[in-house]
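A short worksheet on the structure shown next.
Protein chains: 2
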Amino acid sequence: MYRIRPRVPMAVVRRLPKYYRYLGDLMERGVGRISSKEFGRLLGFTASQIRQDLNYFGGFGQQGYGYNVEELREQIGKILGLDKKYNIIIVGAGNLGQAIANYTGFQESGFALKAMFDINPRLIGMSIRDVRIRDLDDIEGFMLEERIDIAVICTPKEAAQGVADRLVKAGIRAIWNFAPEDLEVPEDVVVENVHLSESLISLAYLANERETGGIGEEQRAERNNARA
Amino acid sequence: MYRIRPRVPMAVVRRLPKYYRYLGDLMERGVGRISSKEFGRLLGFTASQIRQDLNYFGGFGQQGYGYNVEELREQIGKILGLDKKYNIIIVGAGNLGQAIANYTGFQESGFALKAMFDINPRLIGMSIRDVRIRDLDDIEGFMLEERIDIAVICTPKEAAQGVADRLVKAGIRAIWNFAPEDLEVPEDVVVENVHLSESLISLAYLANERETGGIGEEQRAERNNARA
DNA sequence: TAGATTGTTAATCGATTAACAATC
DNA sequence: TAGATTGTTAATCGATTAACAATC
């Protein structure tokens, strides 16, 4: 009764979609069952970690047998909410917004694009895969008519927070943010950031680190001595 | 001499670009100096964490004063390798590849797009922002002529590993991968994955968790009892 | 100088890995 | 049954936070 709810660690949440994807691959390859050991080898995780992760949600395996691939996939799908349908809109119909709109993979996973919004008159009225680009000013009205679960922000940095504010006011609960800006939203609204330039910059760093051996003990010692 | 090189934790590497971005914002706003406490409030981190992170690379602050914004930004830029120029190519000139090619933010940070590659004859020969889309079969020749630091993979899932293999053979050291596939590469090649659908699925999960209160103790207990 | 704030060590917290009894 | 593999508890590892002497 008074036990504390075991919040699922973010690290686990991040791994679940990967489990789901690999289980899909296994199914396609006709693999019917898999042990945590094999699955771990495939994913590059320890068997322990996989069992531990799954254990947050319950026991899906069978001693001496392992996991039924199809069943585990379905269960993880349910946990992730992939048994539901999501209506999404894209705000900002520039290159990135259009690229996301054109990506059909999401639709297949249950994410249905309902509309796009922009302020550019040259874009408004166009359609991408039968989805109309509308005037941003119509967004509040649109959201009254349609239940929208997720809004994707693909605007320039400067416009992002303003758009977020309007979305929040219109009742959005989840934002997928591609603008290089950290959005301020009420705590009951979830924001998932895709900060592409931060990702690219990390990559550059890691590539340099690999090449130069990183800031090794020598350089570090030198730097520290310089201060001493 | 025999001390072990203090590898910079990945968590720190991920935060550095954010520091860099915020310091840029502060500069634009004309802020000359900042304490770890203020900076932490801005970023949503603890002051301790910021000081600890910076300490992996040396001491950039001054007791009683804090950090000089411009100087710290420059130092972090250097650590990240943003004082260097990077030549990049994009493989896969579909919607996503084109969107990335059109994004000018990278160019400004020192990432210069040198070429794009595709197998689609309708795309080959086109140009995006003066960068030609070439036949994928010319990629090896091209990489002999130009020093390419980073390759961006925007192909469909099925083509990604094959492209990665060719890039590796041609001497690439860093891959920015947008295909929903985990690439196998030699360990001296760095891969940064941007798995968009995993990101979207996590968002859906988090939104559901927020709404339903997640898998709470009640459901969990029930599930466990069901097995008992 | 006195106050502020760093750099850095120690304490805490959380996540990963190991171990193993339970059991299919 | 014997072997395999789970679910789960305990041990380890790493990352974050707290504390504080050093010092600008």
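Just so you know, the sequences run in chain order A and P.
Under our numbering, the first residue of the first sequence is numbered 1, with each subsequent residue one higher.
Under our numbering, the first residue of the second sequence is numbered 229, with each subsequent residue one higher.
In this text, a Cβ means the ideal position worked out from N, Cα and C, and glycines have one as well.
8 Å Cβ cutoff, residue i in contact with chain P
i: residue 192 (chain A); result: yes
i: residue 130 (chain A); result: no
i: residue 183 (chain A); result: no
i: residue 120 (chain A); result: no
i: residue 16 (chain A); result: yes
i: residue 9 (chain A); result: no
8 Å Cβ cutoff, residue i in contact with chain A
i: residue 240 (chain P); result: no
i: residue 408 (chain P); result: yes
i: residue 296 (chain P); result: no
i: residue 247 (chain P); result: no
i: residue 262 (chain P); result: no
i: residue 337 (chain P); result: yes
i: residue 389 (chain P); result: no
i: residue 326 (chain P); result: yes
i: residue 323 (chain P); result: yes
Pairwise C-alpha distance: residue j and residue i
i: residue 181 (chain A); j: residue 192 (chain A); result: 12 Å
i: residue 51 (chain A); j: residue 294 (chain P); result: 46 Å
i: residue 288 (chain P); j: residue 210 (chain A); result: 24 Å
i: residue 246 (chain A); j: residue 414 (chain P); result: Outside the shown range of chain A (1 to 228) lies residue 246 (chain A), about which nothing can therefore be said.
i: residue 79 (chain A); j: residue 272 (chain P); result: 29 Å
i: residue 110 (chain A); j: residue 73 (chain A); result: 16 Å
i: residue 416 (chain P); j: residue 62 (chain A); result: 39 Å
i: residue 434 (chain P); j: residue 37 (chain A); result: 28 Å
i: residue 313 (chain P); j: residue 170 (chain A); result: 43 Å
i: residue 340 (chain P); j: residue 367 (chain P); result: 17 Å
i: residue 35 (chain A); j: residue 432 (chain P); result: 28 Å
i: residue 344 (chain P); j: residue 365 (chain P); result: 12 Å
i: residue 25 (chain A); j: residue 53 (chain A); result: 20 Å
Chain A residues whose Cβ lies nearer than 9 Å to that of residue i
i: residue 416 (chain P); result: 210, 211
i: residue 401 (chain P); result: 207, 210, 211
Proximal chain A residues relative to residue i, where beta-carbon distance stays under 7 Å
i: residue 251 (chain P); result: Here the premise fails: no neighbours, minimum Cβ distance about 13 Å.
i: residue 334 (chain P); result: 197, 200
i: residue 314 (chain P); result: 204
i: residue 267 (chain P); result: Those do not exist, as residue 267 (chain P) stays about 14 Å from chain A at its closest Cβ, beyond 7 Å.
Contact set between residue i and chain P, taken where Cβ atoms lie within less than 9 Å
i: residue 149 (chain A); result: 432, 435
i: residue 139 (chain A); result: The premise fails here: residue 139 (chain A) is roughly 19 Å from chain P at the closest Cβ pair, so nothing lies under 9 Å.
i: residue 117 (chain A); result: Going along chain P, no residue has its Cβ under 9 Å from residue 117 (chain A), so there is no contact; the nearest lies around 17 Å.
i: residue 123 (chain A); result: Under the 9 Å cutoff, chain P gives no residues; its nearest Cβ is about 14 Å from residue 123 (chain A).
Residue i: contacting residues in chain P (beta-carbon distance under 8 Å)
i: residue 26 (chain A); result: Neighbours of residue 26 (chain A) on chain P: none; closest Cβ ~14 Å, over 8 Å.
Whole-Å CB distance - residue i paired with residue j, under 8 Å assumed
i: residue 91 (chain A); j: residue 155 (chain A); result: 6 Å
i: residue 309 (chain P); j: residue 208 (chain A); result: 4 Å
i: residue 352 (chain P); j: residue 379 (chain P); result: Rounded, the Cβ-Cβ distance is 18 Å, inconsistent with contact.
Contacts of residue i in chain P (Cβ-Cβ under 7 Å)
i: residue 81 (chain A); result: 432, 433, 436
#### Entry: Positions along the region 277-292 of chain P whose CB lies within less than 8 Å of some CB in chain A
284, 285, 286, 287
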